[in-house]
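Numbering (this note's numbering), first residue to last: 221 to 305.
Glycine included, every Cβ here is placed at the ideal spot set by N, Cα and C.
Here the structure is a predicted model, which is why all the values come from computation and not from measurement.
Here you go:
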């Protein structure tokens, strides 16, 4: 994952950026950002293994704020097709 995608946001006064790996950590977030990745299929597997994919899908269904950057945006889609991976 490209964790540096959120560096500029983290530098803003009053903004707290947290990196999470458990679904329950998303519950109170004002915004969930899925950063870019070069390996979208592997990243999706990682999200699914940890229950984060379902938590993000629930958040989308509830129309709560989500932002995907580059490959992270692809992860928010309904279908990923990557001939390289």
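- Burial state of residue 233 is exposed, judged by a 10 Å Cβ sphere holding fewer than 16 other Cβ atoms.
- Pairing residue 251 with residue 287 gives a Cβ-Cβ distance under 8 Å.
- For the alpha helix (DSSP H) assignment, the uninterrupted runs of no fewer than 4 residues enclosed by the stretch 230-279 are, from N- to C-terminal side, 260-269.
- In its chain, beyond the 5 residues on either side, 237, 253, 255 have a beta carbon closer than 7 Å to the beta carbon of residue 226.
- When DSSP states are grouped into helix, strand and coil, residue 286 belongs to the strand group.
- Here residue 302 carries a coil assignment [DSSP, helix/strand/coil].
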